[in-house]
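Below you'll find the structure, written out as structure tokens, and then a few comments.
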Amino acid sequence: MAAPIIAFDKVVAGYTPSLTILNETTLDARAGEITLLIGPNGAGKSTVLKTLFGLLTPRSGEVRFESQRINGMDPRDLLGRGIAFVPQGRNLFGSLSVRHNLELGGITLPRGELTARIDEVLARFPRIRERIDNQASTLSGGEQKQLEVGRALLLRPRVILIDEPSIGLSPKLVQDVMALLRALADGGTTVLMVEQNVRTALKYSNRALVLEMGRLALDRPAGELLDEPDLNRLFLGGHARPAAG
Amino acid sequence: MTVRSTWPWLVGMLVVACTSFFLKRSDIYLLSLCSVYLMATYGLNLTVGYAGQMSLGQAAFLGIGAYIGAILMTKAGWPFWCVLPVAAIVCFVVGLVIGFPALRVQHHYLAFATLGFNVLVFLALRNEEWLTGGTFGIANIPRPTLFGYPLDTEFRFFWLTFASLGVLMTLLWLLLRSPWGRAFAALRDNPIRAESLGVNITAYTLFAFAIGAAAAGIGGVYYASLVQFVEPGPFHFSTSLMMLLAVIVGGAGRFFGPLLGTVVIILLPELLRASTVPALQFMQKWYLVAFGVAVVLLMVWLPGGLLSLGDRWRRGRVGQ
Chain E
77 MAAPIIAFDK
87 VVAGYTPSLT
97 ILNETTLDAR
107 AGEITLLIGP
117 NGAGKSTVLK
127 TLFGLLTPRS
137 GEVRFESQRI
147 NGMDPRDLLG
157 RGIAFVPQGR
167 NLFGSLSVRH
177 NLELGGITLP
187 RGELTARIDE
197 VLARFPRIRE
207 RIDNQASTLS
217 GGEQKQLEVG
227 RALLLRPRVI
237 LIDEPSIGLS
247 PKLVQDVMAL
257 LRALADGGTT
267 VLMVEQNVRT
277 ALKYSNRALV
287 LEMGRLALDR
297 PAGELLDEPD
307 LNRLFLGGHA
317 RPAAG
Chain F
224 MTVRSTWPWL
234 VGMLVVACTS
244 FFLKRSDIYL
254 LSLCSVYLMA
264 TYGLNLTVGY
274 AGQMSLGQAA
284 FLGIGAYIGA
294 ILMTKAGWPF
304 WCVLPVAAIV
314 CFVVGLVIGF
324 PALRVQHHYL
334 AFATLGFNVL
344 VFLALRNEEW
354 LTGGTFGIAN
364 IPRPTLFGYP
374 LDTEFRFFWL
384 TFASLGVLMT
394 LLWLLLRSPW
404 GRAFAALRDN
414 PIRAESLGVN
424 ITAYTLFAFA
434 IGAAAAGIGG
444 VYYASLVQFV
454 EPGPFHFSTS
464 LMMLLAVIVG
474 GAGRFFGPLL
484 GTVVIILLPE
494 LLRASTVPAL
504 QFMQKWYLVA
514 FGVAVVLLMV
524 WLPGGLLSLG
534 DRWRRGRVGQ
């Protein structure tokens, strides 16, 4: 079993002082795996990613990356440490070209290095290379998601946090995006993913964490959960068996 | 915007500038005034159009620049060329400070915060008579010389102002084509997304105000030297509204938007008012009404500004 690269230890966080979303959440994600976060709406899945990426500061508890405390650290510092975040929805800057979107992804890199990194990413995404000078808003949904992931890869992250990558994509494109994330994980990148399209996502994931009311309710290998007859009930917020281990 | 697409505009500007050889003194003065306001509106376009930060305080920066110019050139005897960087730096620093509210509030809240700043500067210019001369202003501001050559006529000073505007536009164009330009666009479109990519939104928000303010400050020094007299009136917040209108009418976030907008907002009313064409002479009484109606119609039908006409036309062709 791979070692945990990310850990939440009794983390309490929320958007306002009176609104607690993560309620002493304890979970981890292992290096080189795809860890899938699932649960009903409001369970705190996206909040886990935002807290991990420094967009929310935990009120208590500890968030660790490679055993080091990163509570409330600035997103730019986290990017520098190797954590990239692809938020929910369309994340491109539609008025800019594909190339300029990629350049924004590497804004923290030295200019000379950026060009080489963009070439490296384009080698992985030939379709994006073909459309490099097009306006980003003219790309198809699948191409836009490829570009978002490619942009996140510019900094050669060790961890990618990705929130609902399948939103707005056709089933075929969802498979393509999942296959891309699988390939990244197989190459050693850790993926922590929130996804509503649970059955498809489970097929590509190593592990699934079910959140309920801001707490970890279930921690199982993805393959096992795929065979769970009550998967929909769990996903919609039904009672879950206690977390393993 | 590509290099190729800028050529028609540059040629157009040069043609307009060359008409100065055949224009009356008062018309050349108007072209100079237009160039001065363009320096400020180009700065405002960076702040509002490219970085998406609302500002109703640009006239205050123009005023700060103008008064720094007036005070240093008349009371301290500084040459024009030494005053320019001082005005730019002071306005840059003040712009940085004024950018701080933008880190907490946006849209109309930010508009009112910057408007409040404009009112404060206006009151200071009017009431601090020991420094600014109050409502009597400061007179006898000299025109500059260039390598000993006096730029004291309207014609010579126009070409200085026009060339300086060209330099400022080139610098802003280079800035907007650099990663800074992309960061400003990202800040405008979605600050959270920008932050998730590592864009330092605090720094870029502050710089958007500071660079825009510095451009207006430079414009202010040219204004003082052009008019050769400054008083608080031209730096009232209504001038800030006029500048914002110029940016929006031309097309906010489009490089040549302020150029078109400033021409429409400053030159068009003057041309209508002074028209000697018989069919347009009724405009001498009605020019402000016609102008107001035109702006209302434009904002209703073309909220993206005059330069969005091209996009609308292209979309129409694709739709067909």
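For the protein sequence lines, the chains are E and F, in the order given. Heads up, the first sequence is in our numbering, so the first residue is 77 and it goes up one at a time. Heads up, the second sequence is in our numbering, so the first residue is 224 and it goes up one at a time. Virtual Cβ for every residue (Gly too), placed ideally from N, Cα, C. None of the values given here were measured: they were computed from a predicted structure.
- Residue-level contact by beta carbon holds for residue 187(E) and chain F, with a gap shorter than 9 Å.
- According to the DSSP assignment, residue 402(F) belongs to the alpha helix (DSSP H) that extends over 402-412.
- Linking residue 503(F) to residue 510(F) through their CA atoms gives a straight-line distance of about 9 Å.
- Within chain E, no residue has its CB atom less than 9 Å from the CB of residue 289(F), the nearest being about 35 Å off.
- Contact between the stretch 228-247 of chain E and the stretch 144-162 of chain E is present, with at least three C-beta pairs closer than 8 Å.
- Residue 106(E) and residue 387(F) have their alpha carbons spaced roughly 59 Å apart.
- Residue state for residue 415(F) is assigned as helix, using DSSP reduced to three classes.
- With its beta carbon less than 9 Å from one in chain F, residue 156(E) belongs to the interface.
- Of all residues in the stretch 147-178 of chain E, only 151, 152, 155, 161, 163, 167, 169, 171, 172, 176 place a beta-carbon less than 7 Å from a beta-carbon of chain F.
- Contact between residue 467(F) and residue 279(F) holds: CB atoms are separated by about 6 Å, below the 8 Å threshold.
- DSSP places residue 461(F) in the helix class (H, G or I) of the three-state scheme.
- The stretch 122-135 of chain E and the stretch 188-201 of chain E do not touch, with fewer than three beta-carbon pairs separated by less than 8 Å.
- Contact annotation for residue 201(E) against chain F: no contact, minimum CB-CB distance about 17 Å [criterion: below 9 Å].
- Listed in chain order, the positions of the stretch 418-429 of chain F with a beta carbon within less than 8 Å of a beta carbon of chain E are 418, 419, 420, 421, 422, 423.
- Nearest to residue 277(F) by alpha-carbon distance, out of 526(F), 479(F), 464(F), 523(F), is 464(F).
- Annotation: the continuous beta strand (DSSP E) that includes residue 99(E) extends over 98-106.
- Distance between residue 156(E) and residue 409(F), taken at the CA atoms: about 19 Å.
- Residues of the stretch 397-413 of chain F with a C-beta atom less than 8 Å from some C-beta of chain E are 402, 405, 406, 408, 409, 412, 413, listed in chain order.
- Under the Cβ criterion of 9 Å, residue 415(F) is counted among the residues facing chain E.
- The beta carbon of residue 152(E) is closer than 7 Å to those of 184 in its chain, skipping five residues each way along the sequence.
- Under a 10 Å Cβ-count criterion, residue 286(F) is classified as buried, with 16 or more other Cβ atoms of the shown protein chains found around its own Cβ.
- Taking CB atoms only, residue 129(E) has a neighbour in chain F less than 9 Å away.
- Using a Cβ-Cβ cut-off of 9 Å, residue 181(E) is close to 420, 421 of chain F, given in chain order.
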